[in-house]
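J.: Residue numbers for the sequence shown follow my numbering, beginning at 716 and rising by one.
Backbone N, C-alpha and C fix where the C-beta goes; we use that ideal spot for every residue, glycine too.
For clarity, every value in this text was computed on a predicted model and none was experimentally measured.
Sharing a structure here in structure tokens format.
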Amino acid sequence: MGGGWNSGIELLRIIAMFMILIHHFIVHNGYDMLKLPLGPERIFFQLVMQSGGAIGVVIFFSISAWFFLDREQTIKSNLKRVWIMERELLFWSLILVTFYLAFDRADLGMKLMAKSIMPLSMGVWWYATAYAIFLTLLPFLAKGLKALGREYHLALAATVLVIWGLTSFIPGMIGIKDGFLGFIYLFILFSAYKRYMEPFTTRQVWLMIGTGLGFFLLYTCASITLPLLGHDMGIYITGAWKLPVIMVGFGVFLLFDRVTFHNRTINRIAQSAFAVYLITEYAVSEKLLWVRLFNLQNLYQQPLTILQILGILLAIYTTCTLIDFIRQALFAAAIDRHRGRWFELLWDKVSA
């Protein structure tokens, strides 16, 4: 999904997707984590596994957004990106609907089957739909931000930081509800930093990450204390688009961006990161994986719970990656021989 071939960045792409996977294990699980007794396991589930997903999304998006800033964004090139992404979505939605029709119809409703025919416009996967909207708007957004110039762009970044950054510390305040708005928010911040600010030193980056994690710990303490007063709740500050989440996610991205090496295996595995999300986050897969097969209620009783769960999630990640290698081979042999050719033909027809 965009980005260079520096293996430092590609390794980060794999790590970010694994963070998203462990987050889904917690939030979609058939057993509510808040029912667990307060202890090291529950704190690990809440602080590391649940909050990891929001950070993973920021990192995954940062990888694309950062490299978009290096080149001109045109309407044609971005619609072509959406077209190429849609082919992969359609492939997985049709394969998954066929698989579940044949082997596991329990949670496959007519509504999902209908949505699976047009996965992008029907929002089968929120990230893919939000990202496609962002890509479609990006040429206009990029031009507009460039036209603003240094002073106004930095002022805009400061304004959105006040509107959505400072208010993110207080429950009940305005938040970003739509994924594509979150992406636009991040793009405004990242582009202001890359174009007009002095790059942070490694020490400053660590300070930013440390500050974000400090807020996590502060809110975790509140989350542990509140149940004693009869209010059982999650760690509020680790939600999507919260400022500490952005500080940690973007900080980690900046660190990895400074590590340059090349490893073909890492680059190969990273190409399937998006497929891991598509396979495991399909509504029926969620039910099968996190409610029936790997329910926290059963796993929690086992010795070395956390290590066992991480091992299971690593096995799921590996399996999905291997399955996607087959998809890549099929695409290479068939539709990728002239990648985006149909789009080019359609574009020429429409623009003519």
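(1) Starting from His739, trace the alpha helix (DSSP H) both ways and give me its first and last residue.
(2) What would DSSP say about Tyr997, mapped onto helix, strand or coil?
(3) Measure the alpha-carbon distance for Arg728 versus Val772 and round it to whole angstroms.
(4) List the whole-angstrom C-beta distance separating Leu811 from Tyr997, where the pair is believed to meet the contact cut-off of C-beta under 8 Å.
(5) Between which two residues does the alpha helix (DSSP H) containing Tyr951 stretch?
(6) Would you call Trp1071 buried or exposed, if buried means 16 or more other Cβ atoms sit within 10 Å of its Cβ?
(7) Hey, quick one: how far does the alpha helix (DSSP H) through Pro854 stretch, first residue to last?
(8) Consult DSSP for Arg757 and reduce its assignment to one of helix, strand or coil.
(9) Could you please give the first and the last residue of the uninterrupted alpha helix (DSSP H) stretch that includes Trp798?
(10) Following the continuous alpha helix (DSSP H) through Ile1031, name the residue where it begins and the one where it ends.
(11) At the level of alpha carbons, what is the spacing between Met716 and Leu1011?
(12) Which residue marks the beginning of the alpha helix (DSSP H) containing Asp972, and which one marks its end?
(13) Could you give the DSSP three-state label for Ile891: helix, strand or coil?
(14) Classify Ser836: buried if its beta carbon has 16 or more other beta carbons within 10 angstroms, exposed otherwise.
(15) So Leu762 and Phe965 are in contact, right, with Cβ under 8 Å, and what is the actual spacing, rounded?
(16) If I measure Cβ to Cβ from Phe895 and keep anything under 6 Å in the same chain, skipping five residues before and after, which residues do I get?
(17) Count the other C-beta atoms from every protein chain shown that fall within 10 angstroms of the C-beta of Arg1053, then say buried if there are 16 or more, exposed otherwise.
(18) Let me confirm a value: Gly768 is counted as buried when at least 16 other C-beta atoms fall within 10 Å, else exposed. Which label applies?
(19) Leaving out five residues before and five after Leu1061 in sequence, what residues of the same chain have Cβ atoms less than 8 Å from its Cβ?
(20) Below 8 Å on the Cβ atoms is my guess for Ala843 versus Met800; work out the distance and round it to an integer in Å.
(21) Going by beta carbon distance, what residues of the same chain come within less than 6 Å of Trp798, once the five residues before and after it are set aside?
T.: Reading off the structure:
(1) Unbroken alpha helix (DSSP H) run through His739: 722-742.
(2) Residue state, collapsed to three classes: coil.
(3) Straight across, the Cα-Cα distance linking Arg728 with Val772 is about 10 Å.
(4) Yes, Leu811 and Tyr997 are in contact; Cβ-Cβ is about 5 Å, under 8 Å.
(5) Segment: none, Tyr951 is in no alpha helix (DSSP H) and carries neither H nor E.
(6) Missing from the structure shown is residue 1071; the chain here goes from 716 to 1067 and no further.
(7) Membership of Pro854 in the alpha helix (DSSP H) is indicated by the continuous run 841-875.
(8) If DSSP states are grouped into helix, strand and coil, Arg757 belongs with the helices.
(9) Bounds of the alpha helix (DSSP H) holding Trp798 are 790-818.
(10) Taken as a continuous stretch (DSSP letters only), the alpha helix (DSSP H) holding Ile1031 covers 1020-1048.
(11) The pLDDT assigned to Met716 is 48, lower than 50, so where the model puts this residue is not dependable; a value taken from the coordinates is nonetheless given after this. Distance between the alpha carbons of Met716 and Leu1011 is about 32 Å.
(12) Asp972 -> alpha helix (DSSP H) spans 958-972.
(13) Taken through DSSP and simplified to helix, strand or coil, Ile891 comes out as coil.
(14) Flag for Ser836 reads exposed.
(15) The C-beta distance from Leu762 to Phe965 rounds to 19 Å, too long to fall under 8 Å, and the pair is not in contact.
(16) Here Phe895 has Ala845, Ile848, Phe849 as same chain residues with Cβ atoms under 6 Å from its own Cβ, once five neighbours each way along the sequence are excluded.
(17) According to the sequence as given, residue 1053 is His; it is not Arg. His1053 comes out exposed.
(18) Gly768 sits buried, since 16 or more C-beta atoms from the chains shown fall within 10 Å of its C-beta.
(19) Contacts found: none.
(20) Approximately 7 Å separates the beta-carbon atoms of Ala843 and Met800; this is inside 8 Å, confirming the contact.
(21) Leaving aside the five residues that flank Trp798 on each side, the residues in its chain whose CB is nearer than 6 Å to its CB run, in chain order, Phe1058.
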